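Per this note's numbering, the sequence shown starts with residue -14, numbered consecutively.
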Amino acid sequence: MADTDPTGPVLDRDEVDRALARLGAEHEAIETSLLALQDHAGRRLLEGAQLTGLTAERWKVTEASITLLWTCFDAYTDALRTARDIRSRRRWSSREDLVELTELLRGESVTLPGGATAAAGATAPHGGRPGRLSERYSLATLVDRMNELYATSLDMVVAADAVWSALPARIDLLAAELQRTSRLAHSVGVRPGEHPAGDDLERITRTLTKLREQVVSDPLAFWKPAEGSSAPGGGRPDTTVYDREARALEDVRREIDAVLTVRQDAEKRIVRLRDVLSRADRTLAEARTARGEVLAKIAATEVPVVSGPPTALQEQLSTAAEYRRHAQWHRLSPLLESLEQKAEDELLRARQSLTAVTAPLAVRAELRGRLDAYKAKVARHGLAEDPLLVERYEKARRMLWSAPCDLRAAEQAVLRYQQAASEQLGTAPRVPGQGGSDDRRGPGA
């Protein structure tokens, strides 16, 4: 929409013709804009909607503004028609005609009812009071006023239409996805009051239903104007609530996917758990048997007590199998995760128990190996019949191959044999624990 020139002295014929041409072009542009506003989809939707809140308040003012726009346009049209009629009276306009045309084209020649201006919240020209019965405008002031009314009306219409075009369809798509997720959740036992994801689905459903109602009845409550922009419709729809619920639904979907994975792999995981717990039981049984053997064969040593099988884990495993039979996947998922960790811990504990129990037997076997290794070394040097070596060897051997075996005394006997052998061979004796790893591997290794 265009502007007119400011007022000035009496116009001549050429100036009148140019002004009429300019006003005619402005009239055509204004009419085109008003018809576009009249046919705007957003305006038609606003006209038939049940509005609430901010949108209802602004639409009431905007409706009055649009009505005033047409009133101003009609007055503008009448003034232009009158001016054209005066100009067409004669080919060469008289002085009186030019004075009349100047007043009409540049003076306050248009009168509008004061009630229409007040209804649209319009400000009277020249700071006048909006409560007056009528207001007078120049064509230039009238065009400025129409531009202002058009901009504010179009801004409101475009904003509402933008929100309606963007949010309800997205909410409907999210609601459809919500329904599919809810059906899937119900199939795996994820229900409100029984699983947190079920409670989340119920809350998201309530929020989306309320959000759609609010968007439809009060779209301007979900509009963010662009900062520093004066163009009509500058801004964007506020999708904060929608985005939050979309993220929440995505979290629920991931939770449901995890439950579905449990449903697919539940049997394999339960079988694997049974195998791990069975290995732990067998290892503990082996440790208990070994403890009895150690107590019978080794003397003067402390052997740790071996605990019984983990009955609590077996009970939880039975509960997991029960959940699987009754398709309670949402309960089975966390239970399996907990059981898998506990079963691995139990197997590790059983292996550590077996190692701790059989440690004295390992020490005895190491002493036996060391004694035989030194005997072989002595024999290679032709000292196998040495009386001292034979005596010390037999003494150590009796201690190591008798039951119960005193490991401390046997270790000292092996050390004495080692020292005697080293003296006969002319080498320094090696004390276990101080001579490096060669002591464990035997002489000459």
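Where is the CB? At the ideal position from N, CA and C, for every residue including glycine. Computed from a prediction, not measured in an experiment: that's the story for all the values here.
Compare the C-alpha of Val247 against each of Arg382, Gly174, Arg273 and Asp24 and name the closest. Gly174
So Ser318 packs on Val201, CB below 8 Å; how close in whole Å? No, Ser318 and Val201 are not in contact; Cβ-Cβ is about 39 Å, not under 8 Å.
Taking only the alpha-carbon atoms, compute the straight-line gap between Ala41 and Ala305 and give it to the nearest angstrom. 57 Å
Determine the DSSP secondary structure at Ser167, reduced to helix, strand or coil. helix
Using only the alpha-carbon positions, how far apart do Ala443 and Ile15 sit? One cannot answer for residue 443 here, as it falls past the ends of the chain, which runs -14 to 430.
If I'm right that Val301 touches Leu324 with Cβ under 8 Å, what's the distance once you round it to whole angstroms? It is worth fixing the name first, because residue 301 is Gln in this sequence and not Val. 6 Å between Cβ atoms; contact.
Smallest Cα separation from Ser119: which of Ala60, Leu36, Tyr378 and Gln326? Ala60
Please classify Gly411: is it buried, with 16 or more other beta-carbons within 10 angstroms of its beta-carbon, or exposed? exposed
Per DSSP, what kind of secondary structure is Asp129 in: helix, strand or coil? helix
Going by other Cβ atoms of all chains shown within 10 Å of its Cβ, with 16 needed for buried, is Thr158 buried or exposed? A quick correction: the sequence has Leu, not Thr, at residue 158. By the neighbour-count rule (16 or more Cβ atoms within 10 Å), Leu158 is not buried but exposed.
If the criterion is Cβ atoms closer than 8 Å, does the pair Leu333 and Glu396 meet it? no
With a floor of 3 residues, list each beta strand (DSSP E) that falls wholly inside the stretch 180 to 251, ordered by position along the chain. 208 to 210 and 220 to 222
For the alpha helix (DSSP H) that contains Arg433, what are its first and last residues? A query on residue 433 cannot be resolved here, the shown segment of the chain reaching from -14 to 430 and no further.
Looking only at its chain, what residues have a beta carbon closer than 7 Å to the beta carbon of Pro294, apart from the 5 residues adjacent to it on each side? Asp266 and Leu269
Alpha carbons only, please: which of Gly92, Pro289, Glu376 and Arg349 is nearest the one belonging to Lys360? Glu376
C-alpha gap between Gly9 and Thr190, whole angstroms: 56 Å
Would you list the one or two residues that DSSP bridges to Cys390? Ile283
For Cys390, which residues of its own chain have a beta-carbon under 7 Å away from its beta-carbon, when the five flanking residues on both sides are left out? Lys282, Ile283, Ala284, Arg349 and Met384
Entirely within the stretch 19 to 62 and at least 4 residues each: give me those alpha helix (DSSP H) ranges in chain order. 26 to 33
Let me know if Gln337 comes out buried or exposed under the rule of 16 or more other beta-carbons within 10 Å of its beta-carbon. exposed
Around the Cβ of Ser138, are there at least 16 other Cβ atoms within 10 angstroms (buried) or fewer (exposed)? buried
Rounded C-alpha distance that separates Val237 from Val226: 17 Å
Using alpha carbons as the reference points, say which of Trp44, Arg239, Gln326 and Arg365 lies closest to Arg259. Gln326
According to DSSP, is Pro294 part of a helix, a strand, or is it coil? coil
Taking all protein chains shown into account, do 16 or more other C-beta atoms lie within 10 angstroms of the C-beta of Leu455, making it buried, or fewer, making it exposed? Because the chain here runs from -14 to 430, residue 455 falls outside it and cannot be looked at.
What's the call for Gly277, buried or exposed, on a 16-neighbour Cβ count within 10 Å? exposed
With distance defined between alpha-carbon atoms, name the residue in Ala233, Leu54 and His25 nearest to Asn132. Leu54
Starting from Val84, follow the alpha helix (DSSP H) in both directions and report where the run begins and ends. Arg80 to Arg91
Other residues of its chain near Gln313: CB distance less than 7 Å, five sequence neighbours each side excluded: Gly174
Asp140 and Ala26 closer than 8 Å at C-beta: no
Could you name the residues of the same chain whose beta carbon sits closer than 7 Å to that of Val(-5), not counting the 5 residues immediately before and after it, in chain order? Leu83, Val84 and Thr87
Can you tell me where the alpha helix (DSSP H) holding Pro372 begins and where it ends? Pro372 to Leu385
Start and end residues, beta strand (DSSP E) containing Val95: Val95 to Pro98
Rounding to the nearest angstrom, what Cα-Cα distance links Ser172 and Thr166 in this structure? 10 Å
Shortest alpha-carbon distance to Asp228 belongs to which of Trp149, Gly220, Ser263 and Thr192? Thr192
Between Leu169 and the rest of its own chain, which residues show a CB-CB distance below 6 Å, the 5 nearest in sequence each way excluded? Ile241
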